[in-house]
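*Asks:*
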Amino acid sequence: MIGAADVGAALRFLTRLPLPARGGGAADGAVRFGAAAFPLVGLLLGAAAVAGDALADALPETLRNVGILAGWAALTGALHYDALADTLDALGGRGVPERLRIMRDGALGSYAVLGLVLVVAGELSALSLLHGETRLRALAVAPAIGRWTMLLAAFRAPPARPDGLGAAFARGLGAAELAAATATAAAALALLAGPSGWIAALLAAALALGVRRLAVASFGGITGDVLGAAGKLGELVTLGVLASR
Numbered sequence: 001m002i003g004a005a006d007v008g009a010a011l012r013f014l015t016r017l018p019l020p021a022r023g024g025g026a027a028d029g030a031v032r033f034g035a036a037a038f039p040l041v042g043l044l045l046g047a048a049a050v051a052g053d054a055l056a057d058a059l060p061e062t063l064r065n066v067g068i069l070a071g072w073a074a075l076t077g078a079l080h081y082d083a084l085a086d087t088l089d090a091l092g093g094r095g096v097p098e099r100l101r102i103m104r105d106g107a108l109g110s111y112a113v114l115g116l117v118l119v120v121a122g123e124l125s126a127l128s129l130l131h132g133e134t135r136l137r138a139l140a141v142a143p144a145i146g147r148w149t150m151l152l153a154a155f156r157a158p159p160a161r162p163d164g165l166g167a168a169f170a171r172g173l174g175a176a177e178l179a180a181a182t183a184t185a186a187a188a189l190a191l192l193a194g195p196s197g198w199i200a201a202l203l204a205a206a207l208a209l210g211v212r213r214l215a216v217a218s219f220g221g222i223t224g225d226v227l228g229a230a231g232k233l234g235e236l237v238t239l240g241v242l243a244s245r
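Quick note on numbering: the numbering used here labels position 200 of the sequence shown as 200, and the sequence is numbered without any gaps.
1. Can you list, in chain order, the residues of its chain with a C-beta nearer than 7 Å to that of residue 30? Leave out the 5 residues immediately preceding and following it.
2. Indicate whether residue 50 and residue 118 have their beta-carbon atoms separated by less than 8 Å.
3. So the candidates are 43, 99 and 14; which of them puts its Cα closest to the Cα of residue 223?
4. Contact criterion: CB-CB distance below 8 Å. Does residue 170 meet it with respect to chain B?
5. Considering just the uninterrupted stretch of the alpha helix (DSSP H) at residue 89, what are its terminal residues?
6. Among 185, 153 and 4, whose alpha-carbon lies nearest the alpha-carbon of residue 46?
7. Measuring only from the beta carbon, is residue 148 closer than 7 Å to any heavy atom that is part of the ligand ADP?
8. Report yes if the CB atom of residue 38 is closer than 8 Å to the CB atom of residue 148, and no otherwise.
9. Rounded to the nearest angstrom, what separates residue 187 and residue 142 at their Cα positions?
10. Just the Cα atoms here: how many angstroms apart are residue 40 and residue 122?
11. In whole angstroms, give me the CA-to-CA distance for residue 115 and residue 158.
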């Protein structure tokens, strides 16, 4: 069951909307982050993209595509782009301690720059192939699947740091929260995406599990940046699959 508190917590964590802070002290895990509502927040981001795309219908499609990515980045504070960049840079380190230090450093290295360029190019390429009703469906569901894959990467995964964001998130992410989020994502796919959406979700899920396995091998476990990277890649895969069908 997804309550208003879950939605509010997820909106505060995943977006930069000016919402009031949650009272009642610092909660942990699923309560603190509203994990069960992640796909629902993704659907809201998708709805914003659909509305913006419709309002900008008179503009050339290339500008609309750039506008969609810019809008998502503005609404989320480019949170997942930043997470992907930090994760890619960290993979270039030697040994777990150095990789974790690089991940926290925040400076952009060559891996981060190249990775961001490739991901944005992939997103723009996918959007350029999406037209009509398929375009609207893809814009609606891709952010939801991306946020759902974050939960798959986190569920019962060991944290790289005992005090990190990934540890706090994973500690409270139980089967009930994952089931509620999965039900939301499945309903969105059934109503909006059709068979291609299910294929995209399966590939995004496989990628999320692969990211988790790589994180355990490279960093000793997951971090908040790893989860954000999994979400961004899941969103990209969803757009790509729906664009190719």
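Think of the CB as a built atom: it goes at the ideal place given N, C-alpha and C, for glycine as much as any other residue.
*Replies:* Quick answer:
1. Because residue 30 sits at a pLDDT of 47, beneath the cut-off of 50, its placement in the model cannot be relied upon, and the following sentence gives the value as read from the coordinates. Contacts found: 36, 172, 173, 174 and 177.
2. no
3. 99
4. You won't find chain B in this structure, because it holds only one protein chain.
5. 79-91
6. Cα-wise, what sits closest to residue 46 is 185.
7. Of ligands this structure carries none, so the ligand ADP is not represented either.
8. Residue 38 is a Cβ neighbour of residue 148, given a cutoff of 8 Å.
9. 13 Å
10. Distance between the alpha carbons of residue 40 and residue 122 is about 24 Å.
11. 25 Å
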